[in-house]
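Data first, discussion second: the structure below is written as structure tokens.
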Amino acid sequence: METEQQLLESVRRGDRQAMRRLYERYKRYAISTGLRYIPDLNDVEDVVQDSFVKILTSIQRFDYQGEGSLKSWIGKIIANKSIDFVRRHENISFTDIIPEKPDEEPELERIPPDVLTSMIAELPPGYRLVFNLYVFEHCSHKEIAQRLGIGEKSSASQLTRAKNILIRKMKDYIKRHGK
């Protein structure tokens, strides 16, 4: 299998087969990244297509920094395009009021990954955006606030609310499935 750098060089030379290989190599990763932000697969597929157009039109400006950097860059583009989609198509509201933390958190390993992904997808749009940016993109509340045009307190509040909802859903799941 060719390295990221070899693939990147072929794409930059205009090799159409390399562009196809780039898409095939990262399509599943792109879709799974998009599904963290957008619950509908059809919408995610549209965002992924738009993202790959952006990726291919801006790949000459990409600064390769070693194996894994291309995948990371693609993930950031997918996340940004997904956030833009959510902001345009979903009703998002933010609050600065930080709720109390729940008493105890359930054991995460007791929840199958696909079930947890579904639980995250069911979060209200604002909660889902902040949760994903914080947990998966490793953004600080300051970065999230700048990216979404909200206050840092709103970011913290949304994250706490998202966690509370997820904890409640996980506890219900464990109770129902006796795991």
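First residue of the sequence shown: 0, per numbering that gives the first Met the number 0; consecutive thereafter. Here a beta-carbon is modelled for each residue, glycine too, at the ideal position from N, C-alpha and C.
Under three-state DSSP, which class holds residue i?
{"i": "Ser-139", "result": "coil"}
{"i": "Gly-13", "result": "coil"}
{"i": "Glu-66", "result": "coil"}
{"i": "Ile-37", "result": "coil"}
{"i": "Met-18", "result": "helix"}
{"i": "Leu-122", "result": "coil"}
{"i": "Pro-111", "result": "coil"}
{"i": "Glu-89", "result": "coil"}
Are the Cβ atoms of residue i and residue j separated by less than 8 Å?
{"i": "Tyr-25", "j": "Lys-80", "result": "no"}
{"i": "Met-118", "j": "Lys-162", "result": "no"}
{"i": "Tyr-126", "j": "Ile-73", "result": "no"}
{"i": "Val-10", "j": "Ile-58", "result": "yes"}
{"i": "Tyr-172", "j": "Val-114", "result": "yes"}
{"i": "Val-78", "j": "Glu-23", "result": "The residue asked about is misnamed: residue 78 is Ala in this sequence, not Val. Contact flag unset, no."}
{"i": "Leu-6", "j": "Arg-27", "result": "no"}
Drop a sphere of 10 angstroms on the beta-carbon of residue i, count the other beta-carbons inside from all chains shown, and report buried for 16 or more, exposed for fewer.
{"i": "His-140", "result": "buried"}
{"i": "Gly-33", "result": "buried"}
{"i": "Val-52", "result": "exposed"}
{"i": "Ser-50", "result": "buried"}
{"i": "Ser-153", "result": "buried"}
{"i": "Leu-55", "result": "exposed"}
Just to confirm, does residue i get its C-beta within under 7 Å of one of the non-hydrogen atoms of the ligand ATP?
{"i": "Glu-3", "result": "Inclusion of the ligand ATP in the displayed structure is not the case, the ligand content being empty and no account of it being possible."}
Does the stretch 116 to 133 come within contact of the stretch 36 to 44, defined as at least 3 CB pairs closer than 8 Å? yes
Is it the case that the stretch 56 to 63 contacts the stretch 146 to 163, given that we only count it when at least three CB pairs across the two stretches are under 8 Å? no
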